[in-house]
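Some notes on the structure that comes next.
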Amino acid sequence: MSASADRESAGEAHGSASEPVLSVRDLRKRYGDAWVVDGVSLDIRHGECFALLGPNGAGKTTTLRLCLGLVEPDGGTIRLAGHPVPAAARRARANVGVVPQFDNLDPDFTVAENLLVYGRYFGMSRAQIESRIPALLDFAGLANRADARIQTLSGGMKRRLTLARSLVNEPDIVFMDEPTTGLDPQARHVIWDRLRQLVARGTTLVLTTHFMEEAERLCNRIMVMDRGRIIAHGAPRELIAREVERHVVEVHGDGLDEWAERRAPALASRVERSGDTVFLYTPDPAGALSALEAESGLRYMHRAANLEDVFLKLTGRELRD
Ligand code: ADP
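Throughout the sequence shown, residue numbering follows our numbering, covering 360 to 680 in sequence.
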């Protein structure tokens, strides 16, 4: 029996402080003939904010569900909050919060009742949960909505409540599947603010997202997945510096086709086309900018390279369904 299995059978929770809060080795999952998770390994330490990025169908949600013990793996090992998963998934989940992709609040209950019912799943007493509700509602910005019905809440309020609900058991780590999908920019900023508060308190966050800006703003570490495999990994700035040129000039307007063919290649180290825009990637934009100034029909915008440029370079620009 291994040392970790020994600890597990002795009923020791959490593991040591230096142990990663989530540790995954060579994780695999197959549906039919397709490996949707194909050899994923990762370690997440306490206090990190970690994002899993990838196009639709990359395997992000399946990876999260495997880590939570909600899907049976076909290979590999997972250790979450000091427990092996799926063998001791229930014990692991006692220290974990989950914000699913789609809000699954109970419409038959009020805001406060939703927190109460959720806390009961963790075996918490009514008194214990009730003592936490004011702080949770405060965190969600719903202090004056305790008795409101779920149907009366906006999309942003529901998301904030789902986030607050995931904290009812005071988890060490919170998993969030696309925490701001479907929200307007104002509501998204409020969620970002709350997530920053959680990180500042030392809660470990693992999120999937389609929004590169979200990952870049919030996360200290990022993994890009495609077709079940990890294709890049690092801090956002590190990835940008490693994978793409520092400057981007986006060009569009009259005469783009001819200009893109005849002039653009000499002005950048990499030229990409997406719809009616040409992207020039270059370590030094001076030449491209002065050449573009002389072009009357074209419009252009110069900006610093960002995580989206990394993502598009690594995963391509064609649509994924
Ligand atoms: P992502 O979250 O990156 O969009 P998913 O993990 O949801 O990707 O899905 C990865 C692939 O696995 C997709 O092709 C999806 O259709 C497939 N898949 C996910 N769940 C199941 C399932 N329960 N049965 C069969 N195929 C599935």
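Every residue, glycine too, gets a C-beta built ideally from N, C-alpha and C.
In this text, all values refer to a predicted model and were calculated from it rather than measured experimentally.
Beta-bridge pairing by DSSP links G434 to R387. Contact between the stretch 570 to 581 and the stretch 380 to 390 is not established, with fewer than three Cβ pairs separated by less than 8 Å. C578 carries a coil assignment under DSSP once its states are collapsed to helix, strand and coil. The closest heavy atom of ligand 1 lies 8 Å or more from the beta carbon of Y659.
P443 is bridged by DSSP to R438. DSSP, read as helix, strand or coil, puts A663 in strand. In the three-state DSSP reduction, M535 falls in the strand class (E or B).
Taken in chain order, the unbroken stretches of alpha helix (DSSP H) that lie wholly in the stretch 446 to 510 and span 4 residues or more are 448 to 452, 470 to 480, 485 to 499. Looking at the backbone, the Cα of I599 and that of L522 are separated by about 30 Å. The chain-ordered list of residues whose CB is nearer than 6 Å to some heavy atom of ligand 1 reads Y390, V395, G413, N415, G416, A417, G418, K419, T420, T421. Closest option to P538, judged by alpha-carbon separation, among V527, I550, N528: I550. The beta carbon of I403 is closer than 7 Å to those of P379, V380, L381, F409, T563, V565 in its chain, skipping five residues each way along the sequence.
V395 and L648 have their C-alpha atoms roughly 43 Å apart. Taken through DSSP and simplified to helix, strand or coil, F409 comes out as strand. Shown here, A393 sits in a strand according to DSSP, grouped into three states.
The beta carbon of P530 lies closer than 6 Å to those of N454, V455, G456 in the same chain, with the five residues before and after it left out. Per DSSP, G541 has no beta-bridge partner at all. Counted as a single uninterrupted DSSP element, the stretch harbouring R404 is not any beta strand (DSSP E), since DSSP gives it neither H nor E. Excluding its 5 nearest sequence neighbours in each direction, R438 has C-beta neighbours in its own chain below 6 Å: S382, listed in chain order. Taking 9 Å as the cut-off, the beta carbon of V607 is found no closer than this to the beta carbon of L651. By the criterion of at least three beta-carbon pairs nearer than 8 Å, the stretch 461 to 473 is in contact with the stretch 503 to 513. Leaving aside the five residues that flank K517 on each side, the residues in its chain whose CB is nearer than 8 Å to its CB run, in chain order, D462, L464, I509.
In the displayed model, T521 falls within a helix according to three-state DSSP. Residue L526 holds the alpha-carbon nearest to the alpha-carbon of Y477 among G515, L526, E597, I532. By the criterion of at least three beta-carbon pairs nearer than 8 Å, the stretch 636 to 648 is in contact with the stretch 609 to 618. Around the beta carbon of E604, 16 or more other beta carbons lie within 10 angstroms, which makes this residue buried.
Residue state for G634 is assigned as coil, using DSSP reduced to three classes.
DSSP, read as helix, strand or coil, puts R560 in coil.
Cβ-Cβ separation between V583 and L401: approximately 12 Å, too far for a contact (criterion under 8 Å).
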